Amino acid sequence: MPVQLQGSHSGDDHGDEARIEVVPLIDIMFFLLASFMMVSLSMTQLNRVPINLPEASTGVADSKVPPFQITIDPAGVITWDSKVVTLSEITTRLQKEAAPSESRVLISADADSRHKVVLEVLNAVRAAGIEKVSFESKTPQP
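In the numbering used here, the protein residues as written are 16 to 157.
As structure tokens, this is what we get:
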């Protein structure tokens with residue numbers, strides 16, 4: 016007669032099968048997802064070109080976000096989607112990606128940027144056939 020030790024299983028008795036608890040794994044996945052979202056949102060703010068917008072008290076707030084935003088920093092460097100571009104690249108890219116009658120462009124120029132650079136960007140946008148152009152400004156503080 017074989018001796019049965021406590022905790023040992025015979026061939027007929029399978030005992031409790033091991034199983035993976037799914038609920039704690041789901042909790043961890045939600046935590047990782049939320050953490051990833053927060054980090055990626057903070058990184059998009061870091062990639063923005065720092066500019067000091069001019070004030071305009073007569074401006075109208077636009078609720079629609081235009082699909083094309085071009086930024087001009089104080090040194091006159093032109094960026095689009097955080098990448099430095101030339102005037103000819105602006106025209107070429109807008110001609111490829113934009114529908115002239117429907118597309119809008121938002122120009123965000125620093126208050127200290129040269130007027131000449133802003134006009135050159137405006138001319139490049141118009142050369143692509145875009146007629147709807149807005150300038151970003153901030154509301155004056157009381």
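Each residue gets a CB set at the ideal place from its N, CA and C atoms; glycine is no exception. Computed from a predicted model, the values in this text were never measured in an experiment.
Counting only runs of 4 or more residues that sit fully inside the region 78-128, the alpha helix (DSSP H) segments are 102-112, in chain order. The alpha-carbon of Arg34 is positioned some 23 Å away from that of Phe46. Taking every protein chain shown into account, the CB of Ser55 has fewer than 16 other CB atoms within 10 angstroms, so this residue is exposed. The beta carbon of Ala142 sits closer than 6 Å to the beta carbons of Thr106 from its chain, once the five residues preceding and following it are set aside; these are given in chain order.
Your pair Lys147 and Ser118 checks out as a contact, with CB atoms roughly 7 Å apart and the cut at 8 Å. Secondary structure of Ser50 (DSSP, three-state): helix. In this chain, the beta strand (DSSP E) harbouring Lys147 covers 147-150.
For Lys131, the enclosing alpha helix (DSSP H) stretches over residues 130-142. Within a 10 Å sphere around the beta-carbon of Phe51 sit fewer than 16 other beta-carbons, which makes this residue exposed.
Between Ala126 and Val136, the C-beta gap is not smaller than 9 Å, which leaves the two residues out of contact.
Annotated as distal: Val120 and Ile93, with beta-carbon spacing of 9 Å or more.
For the 9 Å CB-CB criterion, Phe83 and Glu112 form a contact. The criterion of a C-beta distance shorter than 9 Å is satisfied by Ile87 and Val132.
When Leu102, Ser152, Pro155 are compared, the shortest CA-CA separation from Leu134 is found for Leu102. When rounded, the separation of the alpha-carbon atoms in Asp31 and Asp42 is 25 Å.
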